[in-house]
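What follows is a single structure, written as structure tokens, with notes after it.
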Amino acid sequence: MGMKESPEFRIVGDDTPENKAALVADLNAAFHENTMFGIKPDIQEKIRDQEIEKSELALEVIDYVNKKVDELMMDLGLEAVEFPAENIHILPAQLYSEINGPSSSGQAKQENQAVFVNSDFLRRSPTSGAATMYHEVLHLNGHFAGEMNKDTPHTTFYRKGLVIYPLQAKREQRINTQLEKPWTLFWGLNEAIIQRATRKFNLEILDDIEFEGETKWMKSPEYIEERVKIAEHLGIDPSEIDWISEDRKNYTLDSYPEYRKVYSYVLEEIAKRFPDEYKDTDTVDKEFLKATFTGHMVKIGRLVEKTFGPGSFRTLGNMHSQKPDEPFSAQETMEELKEMRTTFIQHTQK
Ligand SMILES: [Zn+2]
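Residue numbers (the numbering used here): 105 to 454.
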């Protein structure tokens, strides 16, 4: 496998080359030696104390996750890094939420070169737990850049995957008054892209790894029937149901549905606009995936603007919430893009 030895870290800003190199060295040590760089000492201690030891099966799953990430990136003509199993920390739910806030299943922290997984979720469904790891390891293969300046004490994020953070010098003017935080761009789109890939992984792992007591159930006709029933009840597509417990009392839904709806729409319209270059939405999706890993956004920006018209890439980048009543929601973004597309088609047909 043509895997990279280390992730690439880019540092912008006017700090000295020595200071920037020192940060890169710390990040490299975090990746290679699991130093937990950037994590407060007391939290590090708690992690070392309470982290759940990985079973042979868990290690097999992490191997599989790395293999699948490598396959995906090779298909894009890129090299993945093999993310070390030691840097994936399976934590008791309480410690997990202390670090990451409540109720999520996993978090990738590029600034620490670590992934945190909530053991409650993993215990509930190993299949979904594996998908969480895949999602997070994809994030960790994403483009990553920080910003360091001579006269400011803190290093800040500059890029994470497609996500663009405001420059330090502009942070004050770039407070989004509606969201009451500095503007970040492409957050919603970035998650939609990563989760779209994770859905494919979800299907593949069912055929490749057998989880005792779960895989058989998830492949049974009864499961598929139950999924259709719940989906009908909720008015959603059955594929949006991620997992159902065997006693049928619990189920989980797939992440970021609203962002993915917008992303699917964007892919469909681009495929229609450029049928010679892109035979289907999957081939357009590859351009977006590639951009999250390389950080090069010019191509996808052009595709969007040549399909939806000027300003549309910015509209897509602003998408920031899945709740319809919040500013920059996926629902609002969808409406705006549809209007832009209609206007654009009218203009080009004149
Ligand atoms: Zn994510």
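The beta carbon of each residue, even a glycine, is placed where N, CA and C say it ideally should be.
Handout entry: Same chain, Cβ closer than 7 angstroms to Glu409, five either side skipped, listed in chain order
Key = Reading the sequence shown from its first residue, position 305 is the one you call residue 409. So the list reads Ser416 and Phe417, once near-sequence residues are dropped.
Open item on the list: Below 7 angstroms, is the gap between the Cβ of His239 and the nearest heavy atom of ligand 1?
Closed with: Numbered from 1 along the sequence shown, position 135 holds the residue referred to as residue 239. Because some heavy atom of ligand 1 lies under 7 angstroms away, the Cβ of His239 counts as near it: yes.
Closest Cα partner of Ser433 within the set Gly181, Met423, Thr260 and Glu190
In the sequence shown, residue 433 corresponds to position 329, counting from 1. Comparing Cα-Cα distances from Ser433 to each of Gly181, Met423, Thr260 and Glu190, the minimum goes to Met423.
Is Glu362 near ligand 1 - that is, is its Cβ less than 7 angstroms away from at least one heavy atom of it? By 1-based counting over the sequence shown, the position of residue 362 is 258. It does not: the Cβ of Glu362 is nowhere closer than 7 angstroms to a heavy atom of ligand 1.
**Asked** CA-CA distance, Ser208 and Asn253?
**Response** Stepping through the sequence shown from its first residue, residue 208 is reached at position 104. Stepping through the sequence shown from its first residue, residue 253 is reached at position 149. About 33 angstroms.
Indicate the three-state DSSP secondary structure (helix, strand or coil) for Arg300 in the structure shown.
The residue labelled residue 300 in the question sits at position 196 within the sequence shown. Of the three classes helix, strand and coil, the one that applies to Arg300 here is helix, per DSSP.
Gly210: first and last residue of the uninterrupted alpha helix (DSSP H) it sits in: For the purposes of this step, residue 210 is taken as residue 106 along the sequence shown, with counting starting at 1. Counting along the chain, Gly210 falls outside any alpha helix (DSSP H), though it belongs to the beta strand (DSSP E) covering Gly210 to Lys213.
Query raised in the report: DSSP beta-bridge partners for Lys264?
Result: Numbered from its first residue, the sequence shown carries residue 264 at position 160. According to DSSP, Lys264 bridges with Phe248 and Val267.
Specify, as a first and last residue, the run of the beta strand (DSSP E) that Ala218 falls within. The residue you call residue 218 lines up with position 114 of the sequence shown. Where Ala218 is concerned, the enclosing beta strand (DSSP E) stretches over Ala218 to Asn222.
> In the segment 402 to 430, which residue ranges form an unbroken alpha helix (DSSP H) of at least 4 residues, counting only runs that do not cross its ends?
Replying inline: 402 to 412 and 416 to 422
Can you tell me where the beta strand (DSSP E) holding Ile115 begins and where it ends? Here the question's residue 115 lines up with position 11 in the sequence shown. That run of the beta strand (DSSP E) goes Arg114 to Val116.
- Message: Within 10 Å of its beta-carbon, does Ser110 have 16 or more other beta-carbons around it, so buried, or fewer, so exposed?
- Response: Within the sequence shown, numbered from 1, the residue matching residue 110 stands at position 6. Exposed, by the Cβ-count rule.
Is it right to say Ala273 is buried, meaning 16 or more other beta carbons lie within 10 angstroms of its own, or is it exposed?
Position 169 of the sequence shown, counted from the start, is the residue given in the question as residue 273. When all chains shown are included, Ala273 counts as exposed.
- Item | Euclidean distance between Cα positions of Val185 and Glu175 | Here residue 185 refers to the residue found at position 81 of the sequence shown. Here residue 175 refers to the residue found at position 71 of the sequence shown. When rounded, the distance between both Cα atoms is 11 angstroms.
_Let's see if you can read the secondary structure: which residues bound the beta strand (DSSP E) around Thr356?_
Reading the sequence shown from its first residue, position 252 is the one you call residue 356. Start and end: Tyr355 to Leu357.
Grab the span of the beta strand (DSSP E) containing His258 for me, first residue to last. Looking up residue 258 in the sequence shown gives position 154. Element bounds for His258: n/a, residue is neither H nor E.
Quiz prompt | Burial state of Met455 (16 or more Cβ within 10 Å) | solution = Summary: the structure shown does not reach residue 455, with the chain confined to residues 105 through 454, and so no result is reported for it.
### Message
According to DSSP, simplified to helix, strand and coil, what is Asp389?
### Response
Residue mapping note: residue 389 aligns to position 285 of the sequence shown, counting from 1. DSSP places Asp389 in helix when its eight states are reduced to three.
Do you know offhand how far Leu293's Cα is from Tyr382's? Against the sequence shown, residue 293 aligns to sequence position 189. Against the sequence shown, residue 382 aligns to sequence position 278. Spanning the two alpha carbons is a distance of roughly 20 angstroms.
- prompt: What residues in its chain sit with their C-beta under 8 angstroms from that of Ala235, if we drop five residues either side in the sequence?
  reply: Looking up residue 235 in the sequence shown gives position 131. Closer than 8 angstroms at the Cβ level, and outside the excluded window around Ala235, lie Thr302, Phe305, Asn306, Ile309 and Asp346.
### Query
Is Ile348 closer than 8 angstroms to Arg364 when the C-beta atoms are compared?
Start at 1 with the first residue of the sequence shown, and residue 364 comes out as number 260. Start at 1 with the first residue of the sequence shown, and residue 348 comes out as number 244. Result no, Cβ atoms of Arg364 and Ile348 do not sit closer than 8 angstroms.
Please classify Glu240 as buried or exposed, where buried requires at least 16 neighbouring CB atoms within 10 angstroms. Position 136 of the sequence shown holds residue 240. Buried, because 16 or more other Cβ atoms sit within 10 Å of the Cβ of Glu240.
Heavy atom of ligand 2 less than 7 angstroms from the Cβ of Ile156, yes or no? Ligands in the displayed structure: ligand 1; ligand 2 is not one of them.
For Ile345, list the residues DSSP reports as bridge partners. The sequence position of residue 345 within the sequence shown is 241, counting from 1. Leu357, per the DSSP bridge assignment.
### Message
Can you tell me whether Glu373 is buried or exposed? The criterion is at least 16 other CB atoms within 10 Å of its CB, across all chains shown.
### Response
Here residue 373 is taken as the residue at index 269 of the sequence shown, counted from 1. Under this definition Glu373 is a buried residue.
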